[in-house]
Every structure is written in C-alpha cells, then in structure tokens.
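Mapped onto the working numbering, the consecutive letters of the sequence shown carry residue numbers 8 to 959.
Heads up, the beta-carbon is just placed ideally off N, CA and C, and yes, glycines get one too.
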Amino acid sequence: MDPCDADAVTSLCSSSMTPARRGPFHALNSRSSLAVEQALVSMLPGSSGTAFQPAKGNKKCSPRSSKGLPLVLTTRENKMIEPIGNQYIVARPVYSVNAFGEDHKKKERRHKTFLDHLKVWCSCSVQKAKRIALSLLPIASWLPAYRLKEWLLSDIVSGISTGLVAVLQGLAFALLVTIPPRYGLYAAFFPVLTYFFLGTSKHISVGPFPVLSMMVGAVVTRLASDTSSITDSSSNLIGNDSLLEDRKLLVATSVTVLSGIIQLALGVLQIGFVVIYLSESLISGFTTAAAIHVLVSQLKFMLQLTVPAHTDPFSIFKVLESVFTQIEKTNIADLVTSLVILVIVFVVKEINQRFKAKLPVPIPIELIMTVIATGVSYGFDFEHRFNVSVIGDMKQGFESPITPDAQIFQETIGDCFGIAIVGFAVAFSVASVYSLKYDYPIDGNQELIALGVSNIFTGAFRGFAGSTALSRSGVQESTGGKTQVAGILSAVIVLIVIVAIGFLLQPLQKSVLAALALGNLKGMLMQFAEIGRLWKKDKYDCFIWIMTFIFAVVLGLGLGLAASVAFQLLTIVFRTQFPKCSTLANIGRSNIYKNKKDYSEMYEPEGVKIFRCPSPIYFANIGFFKQKLTDAVGFSPLRILRKRNRALKKLRKLQKRGLLQVTPKGFICTADGLGDSDEELDNNQIEELDQPINTADLPFQIDWNADLPLDIVVPKISLHSLILDFSAVSFLDVSSMRGLKAILQDFIRVNVEVYIVGTDDDFIEKLARCQFFDDEVKDSIFFLTIHDAVLHILMKKDYSTSKFNPSQQKEKKSDFTVNTNGGLRNRDCQQALCHNLEAIVRVSVNTEQSQSRGHRVIPLQDLGEGGLMRKLWVEELSVTIALTGLSSGEQAGTGRGLEGTGGLWSMVLISVRKDETSHLMASHGAGSEGDKIKAGNSFGSAAIPPVQNSVV
Numbered sequence: 008m009d010p011c012d013a014d015a016v017t018s019l020c021s022s023s024m025t026p027a028r029r030g031p032f033h034a035l036n037s038r039s040s041l042a043v044e045q046a047l048v049s050m051l052p053g054s055s056g057t058a059f060q061p062a063k064g065n066k067k068c069s070p071r072s073s074k075g076l077p078l079v080l081t082t083r084e085n086k087m088i089e090p091i092g093n094q095y096i097v098a099r100p101v102y103s104v105n106a107f108g109e110d111h112k113k114k115e116r117r118h119k120t121f122l123d124h125l126k127v128w129c130s131c132s133v134q135k136a137k138r139i140a141l142s143l144l145p146i147a148s149w150l151p152a153y154r155l156k157e158w159l160l161s162d163i164v165s166g167i168s169t170g171l172v173a174v175l176q177g178l179a180f181a182l183l184v185t186i187p188p189r190y191g192l193y194a195a196f197f198p199v200l201t202y203f204f205l206g207t208s209k210h211i212s213v214g215p216f217p218v219l220s221m222m223v224g225a226v227v228t229r230l231a232s233d234t235s236s237i238t239d240s241s242s243n244l245i246g247n248d249s250l251l252e253d254r255k256l257l258v259a260t261s262v263t264v265l266s267g268i269i270q271l272a273l274g275v276l277q278i279g280f281v282v283i284y285l286s287e288s289l290i291s292g293f294t295t296a297a298a299i300h301v302l303v304s305q306l307k308f309m310l311q312l313t314v315p316a317h318t319d320p321f322s323i324f325k326v327l328e329s330v331f332t333q334i335e336k337t338n339i340a341d342l343v344t345s346l347v348i349l350v351i352v353f354v355v356k357e358i359n360q361r362f363k364a365k366l367p368v369p370i371p372i373e374l375i376m377t378v379i380a381t382g383v384s385y386g387f388d389f390e391h392r393f394n395v396s397v398i399g400d401m402k403q404g405f406e407s408p409i410t411p412d413a414q415i416f417q418e419t420i421g422d423c424f425g426i427a428i429v430g431f432a433v434a435f436s437v438a439s440v441y442s443l444k445y446d447y448p449i450d451g452n453q454e455l456i457a458l459g460v461s462n463i464f465t466g467a468f469r470g471f472a473g474s475t476a477l478s479r480s481g482v483q484e485s486t487g488g489k490t491q492v493a494g495i496l497s498a499v500i501v502l503i504v505i506v507a508i509g510f511l512l513q514p515l516q517k518s519v520l521a522a523l524a525l526g527n528l529k530g531m532l533m534q535f536a537e538i539g540r541l542w543k544k545d546k547y548d549c550f551i552w553i554m555t556f557i558f559a560v561v562l563g564l565g566l567g568l569a570a571s572v573a574f575q576l577l578t579i580v581f582r583t584q585f586p587k588c589s590t591l592a593n594i595g596r597s598n599i600y601k602n603k604k605d606y607s608e609m610y611e612p613e614g615v616k617i618f619r620c621p622s623p624i625y626f627a628n629i630g631f632f633k634q635k636l637t638d639a640v641g642f643s644p645l646r647i648l649r650k651r652n653r654a655l656k657k658l659r660k661l662q663k664r665g666l667l668q669v670t671p672k673g674f675i676c677t678a679d680g681l682g683d684s685d686e687e688l689d690n691n692q693i694e695e696l697d698q699p700i701n702t703a704d705l706p707f708q709i710d711w712n713a714d715l716p717l718d719i720v721v722p723k724i725s726l727h728s729l730i731l732d733f734s735a736v737s738f739l740d741v742s743s744m745r746g747l748k749a750i751l752q753d754f755i756r757v758n759v760e761v762y763i764v765g766t767d768d769d770f771i772e773k774l775a776r777c778q779f780f781d782d783e784v785k786d787s788i789f790f791l792t793i794h795d796a797v798l799h800i801l802m803k804k805d806y807s808t809s810k811f812n813p814s815q816q817k818e819k820k821s822d823f824t825v826n827t828n829g830g831l832r833n834r835d836c837q838q839a840l841c842h843n844l845e846a847i848v849r850v851s852v853n854t855e856q857s858q859s860r861g862h863r864v865i866p867l868q869d870l871g872e873g874g875l876m877r878k879l880w881v882e883e884l885s886v887t888i889a890l891t892g893l894s895s896g897e898q899a900g901t902g903r904g905l906e907g908t909g910g911l912w913s914m915v916l917i918s919v920r921k922d923e924t925s926h927l928m929a930s931h932g933a934g935s936e937g938d939k940i941k942a943g944n945s946f947g948s949a950a951i952p953p954v955q956n957s958v959v
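Listed below in structure tokens is the structure:
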C-alpha cells in the first residue's frame, strides 16, 4: 500500500476532531474496535502492526491534523505508532471493570502479613547487623570520610562562633526555666556530646531552645510551690535557704529526663511519624505564641519586679496584671540597660541579615554586648549602687549528677510528652532544611533517639531540656560549619567557661540576659507576617495559625498545644465532612470532564448526570453527600419512588374494580375519584412504598413520564443515567457503605441506572467483602473512566448523536421515523441525507478472522452530521450500523442491498447484541449467501460474511 495512504487517516482524524462536522462521541464496541485498529494498522506502511515509519524525504506522509499538528496513533497493545506531536488517538474497547478484568488478568500477589514483617525484623545477617550499627552510630559513616584539610579550618571558625553564642543563650534561657543561670551552661554542653555520636544532621546546634525552656519553666513554676511534690530526696540538699532552688532544679531535671525517655521510646519503636501531625502552620503559630510568653516572662527581669508564679490558663494575663500593678517599683538602671542592649542587638541582627552575603561571618553582637555590659557593671558596681540583680555565684567545674524523682514523672507525663514532641518537631524541621540544602539524608527515628539520649544525659547532669535554637544553628551554618565537628568545638568553648572563666560573668546583670533572650526572638516575632501570606494561599492553614496562637497564649503552652492539634485535626474532618462536590460535563468534545460551572462550551449528554465527590465517604459526611447528590440531580429518588408506589396502588385498585381501560392512546378512567388519601397510604403502608415498583400483575406497562388518570400526579424525571466519579474517594466505612447502598437502590428503583467510575481494585474488593452487591446493586456498575461509562450509556441508548443544550444547538437535526415498508420518513418532509463528505478511509480487513469473532466486518469512515442509525437483525446477532456519506440529493433506498450511483457511503459497526428481537429498523434485505454491499468503484468494497437467514 502506498505510504501516502496515511493521508486518509489524517483526514479521518482531523474531521473527527472538528466539532462542526460530527457529534462529540464516536463509540465502538470491543469487537468492532479491534477491527478498526487492525484496519488502521494494516493500511500503514509495513502493516505488520509495529511502528509507523514515514517514507524518507516525504513529509506529506506524516499524519497531521487539519491544523498541521502531528497525531499519535496507538495499537491494541498501546504501542506508539507515531510518537510526535501534542494530539493522540487511542482505539480501545469501552471497559467496565469486569470487562477489563476479563481482558487483562491480574497477577497473583501475596501481600505480606504482620508475621512476615516480624520475621524480617527479627532475622539476622552480617549485612543487617552492619546496617543497624551504622544507623545507630552515624558518626561511623561520616567521620572516616572527613576531609581534614578542606573542612577543619571552617569547622574551627564555626565552632568558636557557635560556642560563644551557646554560652550566652544558655545563661539567658536558664532564666526562662527559673533556675540559676549556671545550669544553662550544662544545658548547652552535654547534649552536644551525645548528638555528635548519634545525630544525623551535620549543621544543627543542639542545646537550649526558648520555647522548650518556657515549657519546662511552666512545669517548674507549677510544681515548685506544691509541697506535696517534695520527696525524701530533698533531705540530701544543702541548706534550707537553697531548698526552693534545689527543688526547682529537681523538677527541671526530672522533666528533662522523662522527655528524653519518651523521645527515645518513640525512636526505638520507629514511630517518629507522629511529628507529621504538627503542620508548619501549627508550629509557626505555636512558636510565635511561645515568643509572647517569653517576652512577658522576661519583663520581671528587665524591670526587676517580684512577680508571683502563675501556671493555670490565662496566666499570661495575670502576669501582666502583676507587672503593671507594680510598675512604680521598676529599677531604672535595669530598664535602661536592657532597652539599650535590646535596640543594639535588633539593629545589628538586621545588618547581619541584610548583608550576610558580604560579611565573612555574622557580627557576634551578643558576645560584644555581654563583654561591655559585664565590664560596665563591674567597673561602676551596679549591684550595690543601683541595686540591680546580677548572675552571682558561678561555681567552677561540674556538680554531681542528680537522681530524677519518680513522683514528678507521674505528675508531669502529659507536659513531658508535649515537650518531647515539640523539641523533636523543631529540631527535625531545621535539620530537614539543611539536609535539602546540602543534599544529605537524615533519619527521623534516629533523630528521636539522638535527642532522647541527649536529654536523658543532660537531665542527669543538672541540665534542662533542649532542641536546637534557630539562631544558633544559623550561626553554625553561616560561619562555614561542615559537620558536627563544629558542634563539638562549640562544646569546648562552653567547657572552658564552665571550668575556667565562668567567674568573670558574675557581675553581669540578669536584665542583660533577658534583653539577649528577647533579641533572639526576632525571627519568631516576625512570623506574624505569615498570617497575610497564609490567607492568600490557604485559609484553612491561616485559621490553624491564628487558633494555635490564641490557644497557646490563652491556655498556656501545654494545653495550648493539645488544643491546637485537636483543632488542626478538626479542620481535616471539616474539609472531608463538607467536600466541594460538583457536576461534571464534557469539554472540548473529548474524554475530558470538568466542572460545568467553570467553562462555557460544555457538552452534557441528555438524561445523563455526572457527579463528583472529591473526598472519602464516611459516617460523618454520608448525609452531606446524599443531600448534594439530590441537589445535583434535582429530585429525591426516594420521594419519587414513594409517589410512584402510591400511584400504582391507586391504578391497581381502579383496574381491579374495572374502572380503568387501556387504549393505544392511553388510559380511560370511568371513576370520579378514590377515597384513600395520600396521607392514609403513607401512614399505613410506608414500608411498602419504599419497595421496588412491581407491575408484573398488571396487563399493561406504565409510562411514569406520561399523564396518569384521575389527575394522579407523579413527578416526571428526564434522568435515566447517573455517573458517580469516585476517583478521589479513598475509602468507605461500614456506616457510609449502608447509606451509599440505600442511595443507589433508590435511584435504581426509579429506573435511573447508576455507574461508579474511577475506583481502584481494593475499593471494589472491600465492597465485595462487606456484601455490598445483590440483585439490585451489581458489580457491573463499575467502569474505568467517566468516558467509558458515557460511551456505554450512549451505545446502550442507541444514540448516534446526543442532544445539545439550547445554547449549544447550532444546526437543526432531521428527525426520522420508520415507515411500514422499512424505509425512512422525515416527520416534516423527505430530505437529502448527507453531503459534503470530506474523507473516506480505505480499509483492508481479514474477513476470516473477523468472521471467527462472530461479527460483521464493514468499512470505517468519519460519521457526519447526517449519519443515521440502522439496525439489521438476523437470527443469531443484532448489529447496529451507521450509514453516512450518501451524496447530495440521494435518499436511502430499500430492497436488496444498497448501491450509491456515483455516491459515497460508509458504515461503522457500533454494537453487537444477541437475542434482541424488538424495535427492528430494517433498511434493506440480505438475500443470498455471500451478498455484498457495494460502494463507489474507486473505494473498493468489503465482503459481509454469509448470512443463512434473510433479514426481517
């Protein structure tokens, strides 16, 4: 065959895509589509059915649309014939789920059970032991690969800078815990040691974090005044004057150890995924609220006021009340010092942020201001001259470890769980940022283990809970830190302060530490700008941020976190409980279906409604789903069913009394009325009204859309098919399953066929396990796609073209009926049928192969606007064909065969159904065996397999 015959395919493709020349759908059944595919492949060069190769140097042979765009054809095996361009044609059967399962057998797969996973988890091998060892000790992986010459200098510079910041933050954040500042140095030193061996992040700096310090401080404040929490271990503490201080320290260390135990347990059990329940919006709102708590808590140090401890909900307002009622007692020296330092720190931090690309290292403003403030305080003797509060005694060296109190564990387990989760969430989020930036993996579960061990170790040595401070980690990364070697060097700086030069900080004012703590809150306080950005992006996330902030500020950090998580989960429930359901329609006359409210040029098949639910269906939203579906179709199927059953009862009563006669033109009733009211029927036999309509005992069929006798009113419905798009429905629970089945039954009982599309196999298998299917609701209602279901409906209803909406109607179509002699008659007048045929495809068909498949083989061409559906019936098969292409002025002939004198014609096989004997439209007879339907001489002919019986 000449390669340029591909132009015929091009003409077919282009004409089939021209909206003005044909209807929106062209449907072939599973048998005919195979013949079409074989025909298309056979006419291409090298018709072995492999790949289309245009003739070299002949650009005209490349299939292109009418707009010059290359087309893509596919074979039955979905191999690309012409993989060029942005258009494609796929020829495949219309698939229901059952039909697809018959053609494509699923592989047998054995899903692993819990015992299988347990066996794998308990198995042991050399490789597995090595992998576990490396995962538990990440240092064994990265330290041997350490580039000494390239990285050491950068890590030294970064370690020194980070260490200086860690010293100051440790002292400042200890005030948030309400314990002596020297213990903040322990909290900055010990966690770095363990994280160096166990951590997977190369850039974060572990240690005190203001939010966690505030959460620990809230617990310390609550329990420190409770005498019942003092245990016998308090007798070992030194002196009665230090009893309160030691008790606070005991509470802080016990809370830290328990938080570490919780983190370690979560890591060992591999359930680090709990952090996913803390969204970015929640964490942002929570840390901002924590910054407000830090700000309020530091006012008493900046003003040097005595403020009683408050830990219950609304405590922040009680603290503010105490501050403002004592405002006249403010120490002016502390206030001025803290304000000056705070302003300078804010200004220099802004300079560091704006010129970070030009500065080799950030300006260590905290260190500079600490040195200056310490010197000034010592030189001018602020402690005695202005009565300012200073750090005081800084013991050199380490104190002995402390034993946690088990009773405190019992009283603080809820607070400790929140501290553990928040600490891990903050550390993991910061570590994730740096891991993505520098392209190395981190392990969430191992991070939990590392943080847990660090907190246990720190709490045992009189430190308090830590995570990572954003500013401190930023210093370590921006000053050139490459690995945790920088972290261990920062710990060396802290160690030097603890054992050697800590006494130099004794004259430092606490108000300076408070100002430094507030200076580190700049980034958190700037998160208020997130509200505007989130409002534009996602209003649900914006509400989560706002409510988290309110909960944490008003209820406190512990209860606020719990309430925030609950509210966040509630928003998820709200989104699924009230999904944005929509009605779909076809767009672009293709297989694309979109919300019909969003586009103007939409096509919706008459009597077909496509409804989409974009969320899971469960007990909380099944009622909402039912209401939305009822609104979409415009009627309640249960109401229609009950009215039809009431009408049926009345008609049956009339028929039994002999008062009802049936004529070809309708019902004739000789009665004036019935005594039974609708209310009486409803109240007495309500259960019967919900049953399927049964007219088997009547000698006639009822058209519910026609007028009924005695002014019996039943709402008329034009809907005959409903398609439910469940492509976004991930699961059904048992409660919603019963509700969905009741909905489907109501529609089926009022003669509305329901189809469900887009579900996966697991969804259908679950329905089968739950005995969802019965004689009414069958598993044959499932189709692969919306387009499969639509084409199935159109073929089932014998549509050649579908009716457009009034706004879409561009040409009036002729309406034909059947004459008694088998011919066609226009209801108004005889008209010409088809003209201006643009293309015909020459098809070479293997008739023997087609005959073995049990159907007729006929030529294929584009269906024009004038295409007519004809049905030829034989004893074995009922074949629906489309007749098109009669030349202008020619009418359909009758008798034996069809001939077009000089005219052009073509037929397309639409469906094959056995044992169909009604509604026959005979347009010609097929007489003797081997009779042929003739076409124009230049287009050849296709033989019809022998037919033993003549057509009726």
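Let's see if you can read the secondary structure: which residues bound the beta strand (DSSP E) around residue i?
i	result
V736	No beta strand (DSSP E) contains V736, which DSSP labels as neither H nor E.
T590	S589 to I594
I617	V615 to R619
I415	First-last for I415: A413 to Y445, but that is the alpha helix (DSSP H), not the beta strand (DSSP E).
E760	E760 to V764
Would you mind giving the Cβ-Cβ distance between residue i and residue j, rounded to the nearest angstrom? I have them listed as a contact below 8 Å.
i	j	result
A975	F293	No answer is possible for residue 975: the residues shown for the chain start at 8 and end at 959.
S384	P514	5 Å
E373	L175	5 Å
T490	K209	5 Å
P623	F738	5 Å
S742	F626	4 Å
L591	D732	6 Å
Please list, in chain order, all residues of the same chain as residue i whose beta carbon is under 8 Å from its beta carbon, the five residues on each side excluded.
i	result
I599	N593
F631	Q584, F585 and P586
V227	V184, T185, I186, K255, V258, A259 and V262
Q403	I505, V506, A507, G509 and F510
S286	D548, I551 and Q575
S436	E287 and I290
Output yes or no for whether 7 Å exceeds the beta carbon distance between residue i and residue j.
i	j	result
T295	Q575	no
F754	V761	yes
G166	G177	no
L250	I456	no
L969	S474	Lying outside 8 to 959, the shown extent of the chain, residue 969 is not represented and no answer is given.
T555	L289	yes
V797	L726	no
V199	G494	yes
A195	G224	no
A152	V282	no
Which same chain residues end up closer than 6 Å to residue i when comparing Cβ atoms and leaving out the 5 residues on each side of it in sequence?
i	result
S518	F308, M309, D341, T344 and S345
G470	Y193, A194 and F197
Spatial neighbours of residue i within its chain, please: CB distance less than 7 Å, with the 5 preceding and 5 following residues excluded, ordered by chain position.
i	result
V314	K307, V326, S329 and V330
F789	S103, V104, I763, T766 and I771
L751	V761 and V784
Tell me which residue opens and which closes the alpha helix (DSSP H) that residue i is part of.
i	result
N462	G451 to A467
K325	S322 to T332
K803	I793 to K803
Runs of 4 residues minimum, wholly inside the segment 552 to 585: which ones carry the alpha helix (DSSP H) assignment?
564 to 584
Which parts of the segment 245 to 313 are runs of the alpha helix (DSSP H), unbroken and 4 residues or longer, counting only runs that do not cross its ends?
250 to 275, 287 to 304 and 306 to 310
Which complete alpha helix (DSSP H) runs does the segment 139 to 199 hold, if anything under 4 residues is left out?
146 to 149 and 155 to 184
Go through the segment 621 to 675 residue by residue and report every complete run of the beta strand (DSSP E) that reaches 3 residues or more, in order.
667 to 670
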